[in-house]
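Just so we're on the same page, the numbering used here is the position in the sequence shown counted from 1, plus 357.
Backbone N, C-alpha and C define an ideal beta-carbon position, used for all residues, glycine too.
As the structure is a computational prediction, the values presented were derived from the model and not from experiment.
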Amino acid sequence: MIVIRIRLKVDQENKHALLTHLKTEVQKNKTLSGCLTYSLYQDVSESNTYLLYEEWDNLESFNLYKNSAEFQKIMIALSPLLAGPPDSVYYDSEIVGP
């Protein structure tokens, strides 16, 4: 399983537009083949910081998504709304309990 954590910072004036895009993406991406979890969280101590948390069944499924035209399109739309580059980490993991 692949776990993805992406931290996004947004300027206040772009917050509504970013959230509109991300809420749509979260709902859509939850239905993609190989996507186990796709969630958006807001940092309680930094109100302009958001976290995307994703779980994919394997690296191949994630790469199919990441290399898709749809992913490229959303990155083009989101990039100007961010206060800086996304802070992303990927983990190779396994489920250890129920």
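What does Val360 pair with, by DSSP beta-bridge criteria? Translated into the one-based positions of the sequence shown, residue 360 becomes position 3. For Val360, the pairing in a beta bridge is given by DSSP as Glu412 and Tyr448.
Starting from Gln399, follow its DSSP beta bridges and name the residues at the other end. What you label residue 399 is simply residue 42 of the sequence shown in a count that begins at 1. DSSP lists Tyr407 as partners of Gln399.
Phe419 and Ile363 look like a contact to me (Cβ under 8 Å); what is the Cβ gap, rounded to whole Å? The residue given as residue 419 occupies position 62 in the sequence shown. The residue given as residue 363 occupies position 6 in the sequence shown. Contact flag wrong, Cβ pair sits at about 12 Å.
Given a cut-off of 8 Å on the beta-carbon distance, is the pair Asn386 and Tyr395 in contact? The count along the sequence shown starts at 1 and reaches residue 386 at position 29. The count along the sequence shown starts at 1 and reaches residue 395 at position 38. Yes, Cβ-Cβ distance for Asn386 and Tyr395 is below 8 Å.
Do you know whose CA, among Thr381, Asp368 and His373, lies nearest Glu427's CA? Sequence index remark: in the sequence shown, residue 427 carries index 70 (1-based). For the options Thr381, Asp368 and His373, the alpha carbon positioned closest to that of Glu427 is the one of Thr381.
Give me, in chain order, the residues of the same chain whose beta-carbon lies closer than 6 Å to that of Ser445; leave out the 5 immediate sequence neighbours on both sides. Position 88 of the sequence shown, counting from 1, holds the residue named residue 445. Excluding sequence neighbours, Ser445 sits near Ile363.
So, is Val401 buried or exposed, given that buried needs 16 or more other C-beta atoms within 10 angstroms? As a position in the sequence shown, residue 401 is number 44, starting the count at 1. Exposed: under 16 other Cβ atoms inside 10 Å.
Cutting at 8 Å between CB atoms, please list the residues of its own chain near Ser450, excluding the five before and the five after it. For the purposes of this step, residue 450 is taken as residue 93 along the sequence shown, with counting starting at 1. By the criterion of a C-beta distance shorter than 8 Å, Ser450 is surrounded in its chain by Met358, Ile359 and Val360, once the five residues flanking it on both sides are discounted.
Tell me whether Tyr448, by its Cβ, gets closer than 7 Å to a heavy atom of the ligand NAP. For the structure depicted, the ligand NAP is absent and the ligand set is empty, with no information on it obtainable.
Go ahead and pull the three-state DSSP assignment for Val367. Along the sequence shown, one-based indexing puts residue 367 at 10. Here Val367 sits in strand by DSSP.
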